[in-house]
Structures are given as structure tokens and as C-alpha cells.
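Notes follow once the structure below has been shown.
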Amino acid sequence: MSGAPSRGGADASRAVAGVQAGFYAATGLWPVVSPGTFQAVTGPKREVWLVKTTGLLITAVGAALAVGARRPRVSPETATLGVASAAVLAAVDLVYVARRRISPVYLLDAVAELALVGAWALARRRAGPAPSGST
1278 MSGAPSRGGA DASRAVAGVQ AGFYAATGLW PVVSPGTFQA VTGPKREVWL
1328 VKTTGLLITA VGAALAVGAR RPRVSPETAT LGVASAAVLA AVDLVYVARR
1378 RISPVYLLDA VAELALVGAW ALARRRAGPA PSGST
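The sequence shown maps to residues 1278 to 1412 in the numbering used here.
Next comes the structure, spelled out in C-alpha cells:
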């Protein structure tokens, strides 16, 4: 074996980036486009402007992941953005549900975010070792 990353690994990373991009576009735009339905599901919010701002930031991350998914190979920066954003959002969901600051419905998002972290890990494993000299 040459130690070069497999094409399957590159395809898997592109697929994960694309799925996460779509998920973030949908969940990020939802509170912007329909704050009423968003709050009906997730509970009332004191600062709707903050919910919309957070949604737009999540949408921006999704847009960056979509760009990365279209490249022949997902860059380390794109993969890091995908893993880190999913991990942070999962942590926020878990911590603030435990503190009873947000609705338990956010545990569904935590499951989705942790699934994305797992999908990135599987894609990375499938890709094989990083080429020598890379960071």
C-alpha cells in the first residue's frame, strides 16, 4: 500500500461536509425565516435578535462547508471547521439542557451534532494516514 489517502476517504469527507452544510443551512435559516415556528418547537426566546444572529452564523459555517465539499479533496481547515462546530454545538446543547436553560428538545440536535463528529472521524479513518510532511 502506498500510504496515500484513498479516493473513498476523500469521497466520504466530501459527503460529510455536504450533509453538514445542508443541515446547517436548514437549521441556521429556520429561526431567521420563521422565528414563530422555531420558538414553537424550541421554546420562547428573550432575545430573538440573538437567535437570528446565531442562526446566520451557523448558516455561514454551512456555506463554508458547502464550498469545501465541492473541492476534489476536503482541506484540513474545512474538516476542522466541520468537527469543531459540531462538537461545540453538541456541548452547548448538552450543558444548557443539563442546566435547564434550554428545552430538552435540543438533545435531538446534540445527537445530530455528535453523529456528524462521528461521521468525520469515520471519513478520516477511511482516508488513511496523512501524507508525510503534512500538518
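The beta carbon of each residue, even a glycine, is placed where N, CA and C say it ideally should be.
task: Would you decide whether W1326 is buried or exposed? Buried here means 16 or more other CB atoms lie within 10 Å of its CB.
output: By the Cβ neighbour-count rule, W1326 is exposed, with fewer than 16 other Cβ atoms within 10 Å of its own.
- request: Inspect the beta-carbon positions of W1397 and V1318 and report whether they are closer than 8 Å.
  value: With respect to V1318, W1397 sits apart: the two C-beta atoms are not nearer than 8 Å.
Option in A1389, Q1297 and L1358 with minimal Cα separation from L1371: The residue with the shortest Cα to Cα distance from L1371 is A1389.
query: Looking at the structure shown, is R1291 part of a helix, part of a strand, or coil, going by DSSP?
result: Helix.
message: Residues in the same chain with beta-carbon distance under 6 Å from A1343, minus the five sequence neighbours each way, listed in chain order, please.
response: A1298.
query: Is it right to say A1368 is buried, meaning 16 or more other beta carbons lie within 10 angstroms of its own, or is it exposed?
result: Label assigned to A1368: exposed.
message: Once DSSP output is grouped into helix, strand and coil, what is the label at E1324?
response: Shown here, E1324 sits in coil according to DSSP, grouped into three states, outside any helix or strand.
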